[in-house]
Amino acid sequence: MVKDQLNVLINLAASDSTVAEKEAKVIHVIAKANGIPKEEVDEMLKKPKPIGNLDTLTEDQKFENLYHLIQLMKSDGQVFRSEIHFCEQVAEKLGYKKGVVAELSSRIYSDPSITADRKLLMDKAHKFLK
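Letter by letter, the sequence shown follows residues 4 to 133 in the numbering used here.
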């Protein structure tokens, strides 16, 4: 995961005007797993950058972005309309139809330690590519 992908997650977390503690924890867990230091993540959380061009990502990277995005959306136990809307916007920027968010969110768990069948999810997401 590159910092641009992490920035997408940070933007989602901030889309309801506040980054919940659980959302920040999930972002830190994902960042740590990808070798991004806590201090750097804290700085990114304070000043999220606009989302850049996502066209250069591979199909696998697009799916991973979408997967983590939906996981983060569910991490605080509350899903706000603004978060769903943001996920749909990012999904479209990634080259998916909006419906991919509803299709995948029922199968992605908020707890990062519970992993869903990624192959099945990737197959489902593929059907939503534009």
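Using N, Cα and C, we set each Cβ at its ideal position, and we do this for glycine too.
Should residue i go down as buried or exposed, given a rule of 16 or more other Cβ atoms within 10 Å for buried?
i      : result
PHE89  : buried
LEU3   : No answer is possible for residue 3: it lies beyond the span of the chain, which begins at 4 and ends at 133.
HIS129 : exposed
TYR112 : exposed
LEU15  : buried
ALA36  : exposed
Do residue i and residue j have their C-beta atoms within less than 8 Å of each other?
i     : j     : result
VAL82 : ALA94 : no
LYS25 : ASP79 : yes
GLN74 : VAL29 : yes
LYS6  : ILE54 : no
ALA91 : ASP19 : Note on identity: in this sequence residue 91 is Glu, with Ala being the wrong assignment. No, the Cβ-Cβ distance between GLU91 and ASP19 is not below 8 Å.
Assuming residue i and residue j form a contact by the criterion Cβ under 8 Å, report the distance between their Cβ atoms to the nearest whole angstrom.
i      : j      : result
LEU57  : LEU97  : 5 Å
ALA27  : PRO51  : The Cβ separation is near 12 Å, so there is no contact.
LYS133 : LYS101 : In fact, because the Cβ distance is near 10 Å, the residues do not count as touching under 8 Å.
At a cut-off of 7 Å, would you count residue i as near the ligand FMN, judging by its Cβ distance to the nearest heavy atom?
i     : result
CYS90 : Of ligands this structure carries none, so the ligand FMN is not represented either.
>> Any contact between the segment 66-79 and the segment 36-47? By contact I mean 3 or more CB pairs, one from each, below 8 Å.
In response: Pairwise C-beta distances place the segment 66-79 out of contact with the segment 36-47, as fewer than three of them are shorter than 8 Å.
>> Below 8 Å, how does it come out for the segment 10-29 and the segment 51-68: are there three or more Cβ pairs, yes or no?
In response: Yes, the segment 10-29 is in contact with the segment 51-68.
> Considering only residues of the segment 12-94, which uninterrupted alpha helix (DSSP H) runs meet the minimum length of 4 residues and lie entirely inside it, listed in chain order?
Replying inline: With a minimum length of 4 residues, the continuous alpha helix (DSSP H) runs that stay inside the segment 12-94 are 24-36, 41-49, 62-77.
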